[in-house]
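Heads up, the thing below is written out as structure tokens.
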Amino acid sequence: MNALIEPLPQHALPTEIYRVYEATDPFHAAPYRLALCLAREKCLLEDISSGRRLLRLGRLVMETREAALACAGAETLHL
1448 MNALIEPLPQ
1458 HALPTEIYRV
1468 YEATDPFHAA
1478 PYRLALCLAR
1488 EKCLLEDISS
1498 GRRLLRLGRL
1508 VMETREAALA
1518 CAGAETLHL
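Just so we're aligned: the sequence shown equals residues 1448 to 1526 in my numbering.
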């Protein structure tokens, strides 16, 4: 390790945000919960608006920094 390189301070480390939404699509009769990371949310919304994904996001159920918590609260993952 190079002595001139200092580790990043704790506040500079990247942290991910995870969201769980209620979702519906033509292939599932009932609404389900979808977990996704904030970094992928923009791409998913673009896919939905362009028609590449036949999915509708409903209400936001949960927002957390814990991936395991988001996964536990969802039936489908988009991480």
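By construction, the Cβ of each residue, glycine as well, lies at the ideal position given by its N, Cα and C atoms.
Test item: CB-CB of residue i and residue j under 8 Å
i     : j     : result
E1463 : C1484 : yes
Residue i, buried or exposed, once every other Cβ within 10 Å from all chains shown has been counted against 16
i     : result
V1470 : First, the residue type needs correcting, since residue 1470 is Ala and not Val in the sequence shown. Label assigned to A1470: buried.
R1503 : exposed
A1521 : buried
R1466 : buried
A1482 : buried
Cα-Cα separation between residue i and residue j, rounded to whole angstroms
i     : j     : result
V1508 : A1517 : 10 Å
L1501 : R1512 : 27 Å
E1510 : A1477 : 22 Å
A1515 : S1497 : 30 Å
G1505 : Y1468 : 6 Å
Start-to-end residues for the alpha helix (DSSP H) that takes in residue i
i     : result
A1515 : A1514 to A1519
Delimiting residues of the beta strand (DSSP E) encompassing residue i
i     : result
R1499 : Here R1499 belongs to no beta strand (DSSP E), and DSSP marks it neither H nor E.
E1469 : Y1465 to T1471
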